[in-house]
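To get the working numbering, take the position in the sequence shown, counting from 1, and add 638. Built from N, CA and C at the ideal position, the CB exists for glycine as well. Note that the coordinates shown come from a computational prediction; the quantities given were computed from them, not determined experimentally. Below: the structure, in structure tokens.
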Amino acid sequence: MLGYVVILLATVCFGAQNLITRVLFTPSSLWGVVEVGGFVEPTLPNSFLLMFMRMVVGVPLMALLLPPVYPPMWSDLRRLGSPNYRRELYLALVGGVLMFSYLALLYVSVGRIAAGIALTLFFTFPVYTALLDWYWFGHRPSNRRWAILGLILLGSALTVPLGGAAVESWLGVTFGLASGVVYAFYTVAAQKAFETFHPVPFTGISFAVTLVLSAASLLLWPGDLEGLLWPALWVGGLLSAIATLTGHVLNNLGIRSVGATAASMLGATNPALTAVLAWGVLQEQLSLVQVLGVLLVTVSVGLLSLTKPS
């Protein structure tokens, strides 16, 4: 029972990091009482800025806290300098580039549309992962998996805003779907790397590469940094980094306790939980059709974790 609670707490942490990003981008009413947020516009340069502030805190925290979780981490990283580990090094670097890309896209999406909808669109990634897995590794999805993948796409379509809002938020929808596509490539790269490389140092490299790329992007495309409320942004970056790291640690502990399949099923509640948190904390409202879409994607992703690829 404790393992399931730990996984749910990890999911809450992941949902919280998305709400923090939403608040930094969009003026929000916390519990309908306190007006806060909207410190930066939801643009790619500002996405790079928030990512950098999050990673510049998160990477040192990971360097301190991950070695006790996986003691051989530093020795594994040193091995990457050997010619025999070039494959692992390249996959880890590619993973970092892909993590940077999908986070940048997801941040813009969360800033432009409701957090629950953005996460639901992001969670279409199993569809693209299945197609990539079939194309590259020959793992053809079974008929049951095809049906579930179809339900995921249907659910995501139901969440797309209609009417005038659709014109205003099309960029958020596009970026949300694009983040799912990029994340699918990330999962495939990780799958290949994990055949010979442990997930902990792989994740550490991904975060470090994301930090470097976000810093480089700020130098090349700084955006408008005049008049920003830096204390609020740094507090948001710190809270987001803590939520991210806590979520990853709790998730790994939960996987060890209840297994990967059960953890995946509980992790699939992320879109629904984010929507509930956004409704309770930020007073975000979804239509009945959008709620049904979020629930359909959540249930479908959970069912997908119970089926075999082929």
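Beta-bridge annotation (DSSP): residue 668 is paired with 672. Between the region 744-758 and the region 849-865, the count of C-beta pairs closer than 8 Å stays below three; the two stretches do not touch. The C-beta distance from residue 779 to residue 768 rounds to 5 Å, short enough to fall under 8 Å. Remark: fewer than three beta-carbon pairs, one from each stretch, lie closer than 8 Å, so the region 656-676 and the region 827-846 are not flagged as touching. Separation of the CB atoms of residue 826 and residue 759 is rounded to 19 Å, and the pair is thereby denied contact status at 8 Å. Counting only runs of 4+ residues, the alpha helix (DSSP H) found wholly inside the region 690-770 occupies 711-717, 724-750 and 753-760, in chain order. Nearest C-alpha to residue 861 among 789, 927 and 683: 683.
In its chain, beyond the 5 residues on either side, 736, 739, 740 and 743 have a beta carbon closer than 7 Å to the beta carbon of residue 820. In this structure, the straight-line span from the alpha carbon of residue 668 to that of residue 774 is close to 46 Å.
DSSP places residue 928 inside the alpha helix (DSSP H), whose first and last residues are 926-942. A direct Cα-Cα distance of roughly 20 Å separates residue 689 from residue 703.
The DSSP-derived three-state label of residue 681 is coil. For residue 915, the enclosing alpha helix (DSSP H) has its first and last residue at 908-920.
For residue 865 and residue 710, the gap between their C-alpha atoms comes out near 45 Å. Distance between residue 814 and residue 807, taken at the CA atoms: about 11 Å. Counting the other Cβ atoms within 10 Å of the Cβ of residue 925 gives fewer than 16, which makes it exposed. When secondary structure is reduced to three states using DSSP, residue 829 falls in the helix class. Note that the C-beta distance between residue 913 and residue 932 is below 7 Å. With respect to the C-alpha of residue 658, the residue from 863, 881, 922 and 918 having the closest C-alpha is 881.
Residue environment: residue 655 is assigned as buried (16 or more neighbouring CB atoms within 10 Å of its CB, all protein chains considered). Here residue 692 is not near residue 844, since their CB atoms are 7 Å or more apart. Counting only the Cα atoms, residue 715 lies some 37 Å from residue 790. Between residue 663 and residue 852, the C-beta gap is not smaller than 7 Å, which leaves the two residues out of contact.
In this structure, residue 934 places its C-beta atom within 7 Å of the C-beta atom of residue 793.
For residue 852, the enclosing alpha helix (DSSP H) begins and ends at 837-858. In this structure residue 653 touches residue 911 by the C-beta definition: roughly 5 Å separates them, less than 8 Å. Assigned with DSSP and collapsed to three states, residue 817 falls in helix.
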